[in-house]
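Remarks on the structure that follows.
2 protein chains.
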Amino acid sequence: MSITIKDVARLAEVSPSTVSRVIADNPKISNQTKEKVYEAMKELNYYPNAIARSLANKATKTLGLILPNTAEDLFVNPFFIQVMRGISLYAQKKGYYIMYTYSNNEEEEVDFIRNFINSKWVDGIILTTARKNDKCISFLNEIKHPFVVIGKPEKTDGILWVDNDNFHAMYSVVNYLIHKGKRKIAFIGGSRDFNVSINRFNGYKSALENCGINIDENLIEEADFTEISGYEAMKKIFNYSTPTAVVTTDDLIAFGVLKAIEEVSNENISVVGFNNIPLSAYQTPTLSSVDINAEKLGYFAAKLLIDKLGNKKDSINSYIVETNLIERESTN
Amino acid sequence: MSITIKDVARLAEVSPSTVSRVIADNPKISNQTKEKVYEAMKELNYYPNAIARSLANKATKTLGLILPNTAEDLFVNPFFIQVMRGISLYAQKKGYYIMYTYSNNEEEEVDFIRNFINSKWVDGIILTTARKNDKCISFLNEIKHPFVVIGKPEKTDGILWVDNDNFHAMYSVVNYLIHKGKRKIAFIGGSRDFNVSINRFNGYKSALENCGINIDENLIEEADFTEISGYEAMKKIFNYSTPTAVVTTDDLIAFGVLKAIEEVSNENISVVGFNNIPLSAYQTPTLSSVDINAEKLGYFAAKLLIDKLGNKKDSINSYIVETNLIERESTN
DNA sequence: ATGAAAGCGCTAACAG
DNA sequence: CTGTTAGCGCTTTCAT
Numbered sequence: 150m151s152i153t154i155k156d157v158a159r160l161a162e163v164s165p166s167t168v169s170r171v172i173a174d175n176p177k178i179s180n181q182t183k184e185k186v187y188e189a190m191k192e193l194n195y196y197p198n199a200i201a202r203s204l205a206n207k208a209t210k211t212l213g214l215i216l217p218n219t220a221e222d223l224f225v226n227p228f229f230i231q232v233m234r235g236i237s238l239y240a241q242k243k244g245y246y247i248m249y250t251y252s253n254n255e256e257e258e259v260d261f262i263r264n265f266i267n268s269k270w271v272d273g274i275i276l277t278t279a280r281k282n283d284k285c286i287s288f289l290n291e292i293k294h295p296f297v298v299i300g301k302p303e304k305t306d307g308i309l310w311v312d313n314d315n316f317h318a319m320y321s322v323v324n325y326l327i328h329k330g331k332r333k334i335a336f337i338g339g340s341r342d343f344n345v346s347i348n349r350f351n352g353y354k355s356a357l358e359n360c361g362i363n364i365d366e367n368l369i370e371e372a373d374f375t376e377i378s379g380y381e382a383m384k385k386i387f388n389y390s391t392p393t394a395v396v397t398t399d400d401l402i403a404f405g406v407l408k409a410i411e412e413v414s415n416e417n418i419s420v421v422g423f424n425n426i427p428l429s430a431y432q433t434p435t436l437s438s439v440d441i442n443a444e445k446l447g448y449f450a451a452k453l454l455i456d457k458l459g460n461k462k463d464s465i466n467s468y469i470v471e472t473n474l475i476e477r478e479s480t481n
Numbered sequence: 150m151s152i153t154i155k156d157v158a159r160l161a162e163v164s165p166s167t168v169s170r171v172i173a174d175n176p177k178i179s180n181q182t183k184e185k186v187y188e189a190m191k192e193l194n195y196y197p198n199a200i201a202r203s204l205a206n207k208a209t210k211t212l213g214l215i216l217p218n219t220a221e222d223l224f225v226n227p228f229f230i231q232v233m234r235g236i237s238l239y240a241q242k243k244g245y246y247i248m249y250t251y252s253n254n255e256e257e258e259v260d261f262i263r264n265f266i267n268s269k270w271v272d273g274i275i276l277t278t279a280r281k282n283d284k285c286i287s288f289l290n291e292i293k294h295p296f297v298v299i300g301k302p303e304k305t306d307g308i309l310w311v312d313n314d315n316f317h318a319m320y321s322v323v324n325y326l327i328h329k330g331k332r333k334i335a336f337i338g339g340s341r342d343f344n345v346s347i348n349r350f351n352g353y354k355s356a357l358e359n360c361g362i363n364i365d366e367n368l369i370e371e372a373d374f375t376e377i378s379g380y381e382a383m384k385k386i387f388n389y390s391t392p393t394a395v396v397t398t399d400d401l402i403a404f405g406v407l408k409a410i411e412e413v414s415n416e417n418i419s420v421v422g423f424n425n426i427p428l429s430a431y432q433t434p435t436l437s438s439v440d441i442n443a444e445k446l447g448y449f450a451a452k453l454l455i456d457k458l459g460n461k462k463d464s465i466n467s468y469i470v471e472t473n474l475i476e477r478e479s480t481n
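Take a look at the structure:
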């Protein structure tokens, strides 16, 4: 009942293959017949059937997006929505579609990926996080299916990825604090299971070393991505000594730090968060935080993958997205 | 190079159609041959090609999700992420896939919908908002393509929709405040372009009327979904008089109200927000707010649509998702 | 530059 | 219960 290529062909008095060529904008079709065909398409209100095209082309122009369900801060942190929007922006430009899926754990993620690929639904996969020893990455790498990772994977050979320069971002923050006269700077970071955490920690260390400040292990704590955990980590540090500044790898952690500081009512301790979630502008004091430009991360992830799928042979295989320190009251 | 149904057929020594029937779990296939076929599939590591199935079935088992790009609170309000998760939950259960798309305005939304449908990508559409005089709804209604709306549409005949009982939710809030002894209750609502706003306003009116309290037009203001706008609306009300409570249709508006109240430092004015976004727990005072259960909205939207697509003839065509007032300091 | 025909992988009458 | 056959709508050699 749908109008097909045949109907158009009949009306335009050409063969179906000619119509197909017009759709694909094949150069060796005379402008004259092109016109005829376009008119017929318009008259019949014809739209190509994407499924049929996909079957014949063995490509769907669809990307599969793997979203984690676990991230506790999924609702507080607009990271994923921003990433999705960035992806969508580039994908739409290039006529690509996005399918998303949530999974509960790494195993399930691999299952979804396998399903996406085996059923031939997607041409490529976008992973929204890079874990230590990531099963999704190794799986995709093994079967050699096109994919891109948001976050820097451990081994990067031949893998597409986008990320902030987390080392540099933290390095800059610490440097900035040092130049404000702070020398006793504590570090409270997230789990070392995530490559981000490690990279940020290294940035912290290098900045200190570079200024000839000794690393004090007692000023370094690990926390999970919650406020309470940040609070406790700060308490621990206070038990040892009082730093003049605290850098963290996540805003929620920083919120807890602010709370702990409030209790000792010391107004001279600077605090910096990471991710610049909306809540940070609402803390007292308002929290300075590093904006990671999540939308751009998504945009370039899509670009990398789509360009690769388009067989641009010489295409680059990674992007670094810049970060910006948003200065607020907590670093005044 | 992919393994197809034919390869399986050959190995299992049956015809392709038999294999197809096994995939579709057709009841009239002997268990014996079923086993044979399953073994062959396993041995060959066969997976059905979803595209080919879709073409033959004239159905993709895919839903199209229309996300707005305009919503200013997209990043502050986890509404959409929660809705997406709810949708995904039910869809995965039923073997459905989700494609999402962002659009910049109503026109563009209609374009995306048309494209989704004409290209035959999706079996049904999920709209995440119901506007006054909604073009997407009327378009979909016209072409009679299956869809579901999150939010109650103006005319509901034959349309699938899920929503909170916004009338009742606001009615309850106002009632609750009255029983706390408040009688001079102001209302600051969002644009009447959204059906939600209208319904909530009606709930407000009814609750007052029901308790024999006269509606005072000077205590009623409209605001857009921003803090500043809420602040100004509250200022306007203060110019006229000082209410004992303020109900709003959005947390951001309520934030502005809190700020205006803080300036006159009156601690006896109760304030209630709507949506219960994470930020509300971080205000001073912490903001009481109505939780709308966004994930459930998504879940039931998917259920409604998928069940309909499954031709469950007697299936219901709307769901009401409950709301909960989360009491915090602002109503103490 | 254009047409004929085979095929992408699966499904669904129809026949037996 | 199972096989044969003809599509689903589009693309793509291979001719001409």
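Protein sequence lines correspond, in order, to chains U and R.
Position in the first sequence counted from 1, then plus 149, gives you the working numbering.
Position in the second sequence counted from 1, then plus 149, gives you the working numbering.
Just so it is clear, CB atoms sit at the ideal spot from N, CA and C, and this is done for glycine as well.
Asked: Contact residues within the stretch 181–202 of chain R, judged by C-beta distance below 7 Å to chain U; Found: 196, 197, 198, 199, 200 and 201
Asked: Inter-stretch contact at 8 Å, needing at least 3 Cβ pairs: the stretch 463–471 of chain U / the stretch 417–433 of chain U; Found: no
Asked: Whole-angstrom distance between residue 270 (chain R) and residue 272 (chain U), CA atom to CA atom; Found: 15 Å
Asked: Residue 405 (chain R) vs residue 371 (chain R) beta-carbon contact at 8 Å; Found: no
Asked: Stretch pair the stretch 177–196 of chain U + the stretch 250–270 of chain U: three plus CB contacts closer than 8 Å; Found: no
Asked: Cβ-heavy atom distance, residue 277 (chain U) to the ligand MG, below 7 Å; Found: As for the ligand MG, it is missing from this structure, which has no ligand bound.
Asked: Sufficient close CB pairs (3 or more, under 8 Å) joining the stretch 426–439 of chain R to the stretch 394–413 of chain R; Found: yes
Asked: Three-way DSSP call (helix, strand, coil) for residue 427 (chain U) in this model; Found: helix
Asked: Environment of residue 180 (chain R) [buried if 16+ CB atoms lie within 10 Å]; Found: exposed
Asked: Chain R contact for residue 160 (chain U) (CB, 8 Å cutoff); Found: no
Asked: Cβ-based neighbour list, residue 203 (chain R), same chain, cut-off 6 Å, excluding 5 preceding and 5 following; Found: 209
Asked: Contact the stretch 295–308 of chain U vs the stretch 357–376 of chain U: 3+ CB pairs below 8 Å; Found: no
Asked: Span of the beta strand (DSSP E) around residue 165 (chain R); Found: Run containing residue 165 (chain R): none in the beta strand (DSSP E); it sits in the alpha helix (DSSP H), 165–172.
Asked: Backbone CA spacing between residue 379 (chain R) and residue 480 (chain R) [nearest angstrom]; Found: 18 Å
Asked: Which listed residue (U:431, U:162 and U:154) has its alpha carbon closest to that of residue 173 (chain U); Found: U:154
Asked: 4-residue-minimum alpha helix (DSSP H) runs that sit fully inside the stretch 422–481 of chain R, ordered along the chain; Found: 443–458
Asked: Candidates U:157, U:206 and U:247: closest to residue 185 (chain U) by CA position; Found: U:157
Asked: Exposure label - residue 345 (chain R); buried when at least 16 CB within 10 Å; Found: buried
Asked: Beta-carbon proximity list for residue 259 (chain R), same chain, < 8 Å, skipping 5 on both sides; Found: 284, 285 and 288
Asked: Continuous alpha helix (DSSP H) assignments of at least 4 residues falling wholly in the stretch 375–402 of chain U; Found: 376–389
Asked: Segment contact, 8 Å Cβ cut-off, at least three pairs: the stretch 227–238 of chain U with the stretch 160–171 of chain R; Found: no
Asked: Residue 234 (chain U) to residue 275 (chain U) span [Cα, whole Å]; Found: 13 Å
Asked: Local Cβ density within 10 Å of residue 512 (chain R), reported as buried at 16 or more and exposed below that; Found: Residue 512 (chain R) cannot be examined here, being either before or after the span of chain R that is shown, 150 to 481.
Asked: Contact residues within the stretch 418–441 of chain U, judged by C-beta distance below 8 Å to chain R; Found: 427, 428, 431, 432 and 433
Asked: Cβ neighbours of residue 384 (chain R) in the same chain (closer than 6 Å, five flanking residues each side left out); Found: 409
Asked: Chain-order list of residues whose beta-carbon lies under 6 Å from that of residue 352 (chain U) (same chain, five-residue window excluded); Found: 316, 319 and 320
Asked: Where the stretch 249–277 of chain R meets chain U: residues whose CB sits under 7 Å from a CB there; Found: 249, 250, 251, 267, 268, 269 and 270
Asked: Alpha carbon of residue 373 (chain U) to alpha carbon of residue 343 (chain U), nearest angstrom; Found: 11 Å
Asked: Three-state secondary structure assigned by DSSP to residue 250 (chain R); Found: strand
Asked: Within 8 Å, strictly: CB atoms of residue 262 (chain R) and residue 212 (chain R); Found: no
Asked: Cβ-based neighbour list, residue 164 (chain U), same chain, cut-off 8 Å, excluding 5 preceding and 5 following; Found: 158
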